[in-house]
Amino acid sequence: MLKFIKQVGDYAKETVQAARYIGQGISVTFDHMQRRPITVQYPYEKLIPSERYRGRIHFEFDKCISCEVCVRVCPINLPVVDYEFDKATKKKNLKHYSIDFGVCIFCANCIEYCPTNCLSATEEYEISTYDRHELNYDNVALGRLPYKVTQDPMVTPLRELAYLPKGVMDPHDLPAGSQRAGMRPEEILEQMQSKEEDVKS
Ligand code: SF4
Ligand code: SF4
Numbered sequence: 001m002l003k004f005i006k007q008v009g010d011y012a013k014e015t016v017q018a019a020r021y022i023g024q025g026i027s028v029t030f031d032h033m034q035r036r037p038i039t040v041q042y043p044y045e046k047l048i049p050s051e052r053y054r055g056r057i058h059f060e061f062d063k064c065i066s067c068e069v070c071v072r073v074c075p076i077n078l079p080v081v082d083y084e085f086d087k088a089t090k091k092k093n094l095k096h097y098s099i100d101f102g103v104c105i106f107c108a109n110c111i112e113y114c115p116t117n118c119l120s121a122t123e124e125y126e127i128s129t130y131d132r133h134e135l136n137y138d139n140v141a142l143g144r145l146p147y148k149v150t151q152d153p154m155v156t157p158l159r160e161l162a163y164l165p166k167g168v169m170d171p172h173d174l175p176a177g178s179q180r181a182g183m184r185p186e187e188i189l190e191q192m193q194s195k196e197e198d199v200k201s
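Just so you know, the sequence shown maps onto residues 1 to 201 in the UniProt record's numbering.
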């Protein structure tokens, strides 16, 4: 009998939970019904990629220790680490490094596991070419500083919907100079420092 009561209780709990999920789904649908389409006038206007966007990979040659961890964690063993072993110093000297973005799936495993943090994901997404072989970036191309939508004077950067303040539905409605999606690094540092000072005092 107790088992039956428990089963009924579980069933009722799951029903309430399912009803809540359906309600959430419908509320999102109604929310979208109120919105109007927003046209981004590309390439004169561009959306600012999300803060954790995984775009073209940036590589710092001087920080690489040729350990090949990035190759081992890559699902397709993609990065090419060309090094020479120096018997005198017992160290690997990096000669060339390359990643073929025509094959890369931008999973960021190499970035996550690199022990010296010499790889990083940029917000660059416009890397298309007419010849796919041009997507094979060597260490010079990988080392180029990334293009930023927010720093291009020819482009009006627009915030994505998720980054708009409450009540604003169109990024064009925001006043000029408020395009940045999140806090700037210096603002994050300031916030961290003030928190540390609060803890100490
Ligand atoms: S994991 Fe990092 S340090 Fe090691 S070879 Fe790859 S890029 Fe270089
Ligand atoms: S992002 Fe993923 S697929 Fe591309 S090189 Fe790194 S580990 Fe390999």
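From the three backbone atoms N, C-alpha and C, an ideal C-beta is built for every residue, glycine too.
{"Query": "Please name the residue or residues paired with LEU47 in a DSSP beta bridge.", "Result": "LEU158"}
{"Query": "Counting contacts by CB-CB distance shorter than 9 Å, is VAL71 in contact with chain C?", "Result": "Looking at the structure shown, chain C is missing, and only one protein chain is on hand."}
{"Query": "Candidates ASP138, LEU47, LYS90, TYR113: which alpha carbon is nearest PRO75's?", "Result": "TYR113"}
{"Query": "Could you give the distance in angstroms between the alpha-carbon of ASN109 and the alpha-carbon of TYR44?", "Result": "33 Å"}
{"Query": "Report the rounded CA-to-CA distance for CYS118 versus CYS64, giving the unit in angstroms.", "Result": "6 Å"}
{"Query": "Nearest CA to the CA of HIS32: which residue from THR156, HIS172, ALA162, SER201?", "Result": "ALA162"}
{"Query": "When DSSP labels each residue in this structure, what does residue 272 get in the three-state scheme?", "Result": "Look at the range of the chain in this structure, 1 to 201, and you will see that residue 272 is not part of it."}
{"Query": "Just the residues with CB closer than 7 Å to a heavy atom of ligand 2, in chain order, which are they?", "Result": "ILE57, CYS70, VAL73, CYS74, PRO75, ILE76, LEU78, PRO79, ILE99, CYS104, ILE105, PHE106, CYS107, ALA108, ASN109, CYS110, ILE111"}
{"Query": "Using three-state DSSP, classify ALA12 as helix, strand or coil.", "Result": "helix"}
{"Query": "Between the beta-carbon of ARG159 and the beta-carbon of LEU135, is there less than 9 Å?", "Result": "no"}
{"Query": "Could you have a look at ALA19 and say whether DSSP puts it in helix, strand or coil?", "Result": "helix"}
{"Query": "Check whether the Cβ atoms of PHE94 and SER66 sit closer than 9 Å, and answer yes or no.", "Result": "It should be pointed out that residue 94 corresponds to Leu in this sequence rather than to Phe. Yes, these two residues count as a Cβ contact at 9 Å."}
{"Query": "How would you write the range of the alpha helix (DSSP H) that ASP138 sits in, first residue to last?", "Result": "Careful: ASP138 lies outside any alpha helix (DSSP H), inside the beta strand (DSSP E) at 136-138."}
{"Query": "Can you give me the Cβ contacts of PRO165 inside the same chain, cut-off strictly under 7 Å, excluding the 5 residues immediately before and after it?", "Result": "none"}
{"Query": "So which of THR89, ASP138, PRO115 has the shortest CA-CA distance to PHE101?", "Result": "ASP138"}
{"Query": "The beta strand (DSSP E) spanning SER98 covers which residue range?", "Result": "91-100"}
{"Query": "Among GLU197, THR156, GLY55, whose alpha-carbon lies nearest the alpha-carbon of THR39?", "Result": "THR156"}
{"Query": "Considering only heavy atoms of ligand 1, does any lie closer than 8 Å to the CB of VAL81?", "Result": "yes"}
{"Query": "With a threshold of 16 other CB atoms inside 10 Å of the CB of PHE85, please say whether the residue is buried or exposed.", "Result": "exposed"}
{"Query": "Report the rounded CA-to-CA distance for ASP62 versus VAL80, giving the unit in angstroms.", "Result": "16 Å"}
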